[in-house]
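Novice: Below are the structure tokens for one structure; questions will follow.
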């Protein structure tokens, strides 16, 4: 039962990673699969549709697996890219990368909405924009985000 739980977890993780990033909002692929499988396991246990102890043990194996994979994703960058995805540049120096938009299931309307939400009129006002691993679109306006710039400090008054 526990080996089956690990296999279902792995297949579910792959399925979520292959789906569009924005399809699942703020949750990472690991978190989505974890929540779905744990919820399913516990509901079947609760209703008597599955043997009580083996299903609870399989659920605990999944909890440990989730914790292990989350740690592995922070420790090894390559594994983190597989499990959690990567940031994707959508705008560079005001130029929209339309191939990147299509590849990730986004349209100009989605990008324009994110730009407007950040308070800018259009892509030309933006130095860069990124589709983040959690599905958000981050906007960096011209003149910000330069590695040479140091943050300004507010003095305590």
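In my numbering, the protein residues as written are 17 to 173.
Virtual Cβ for every residue (Gly too), placed ideally from N, Cα, C.
Scan the region 66-128 and note each continuous alpha helix (DSSP H) run of 4 residues or more that stays entirely inside, going in chain order.
Specialist: For the region 66-128, whole alpha helix (DSSP H) runs of length 4 or above, ordered along the chain, are 68-91, 93-100 and 114-119.
Novice: In the structure shown, what three-state DSSP assignment does residue 145 receive?
Specialist: Looking at residue 145 - three-state DSSP - the assignment turns out to be strand.
Novice: Determine, using beta carbons only, whether residue 147 and residue 156 come nearer to each other than 7 Å.
Specialist: Cβ atoms of residue 147 and residue 156: not closer than 7 Å.
Novice: Looking at the secondary structure, which residues open and close the beta strand (DSSP E) in which residue 212 lies?
Specialist: The structure shown does not extend to residue 212, since the chain is modelled only from 17 through 173, so no value can be given for it.
Novice: Thinking C-alpha only, which one of 61, 134, 131 and 51 is nearest residue 83?
Specialist: If we check each option's Cα against that of residue 83, 51 comes out closest.
Novice: Evaluate contact between the region 55-72 and the region 81-100, counting only Cβ atoms and requiring at least three cross-stretch pairs below 8 Å.
Specialist: Because the criterion of three Cβ pairs below 8 Å is not met, the region 55-72 and the region 81-100 do not touch.
Novice: On the DSSP letters alone, give me the boundaries of the alpha helix (DSSP H) that residue 55 sits inside.
Specialist: Counting along the chain, the alpha helix (DSSP H) containing residue 55 begins and ends at 45-63.
Novice: When the Cα atoms are used, what is the spatial distance from residue 24 to residue 159?
Specialist: When rounded, the distance between both Cα atoms is 47 Å.
Novice: So what does DSSP say about residue 26, is it helix, strand or coil?
Specialist: Helix, per DSSP.
Novice: Measure the CB-CB distance between residue 108 and residue 144 and report whether it falls below 7 Å.
Specialist: Their beta carbons are under 7 Å apart, which means residue 108 touches residue 144 by this criterion.
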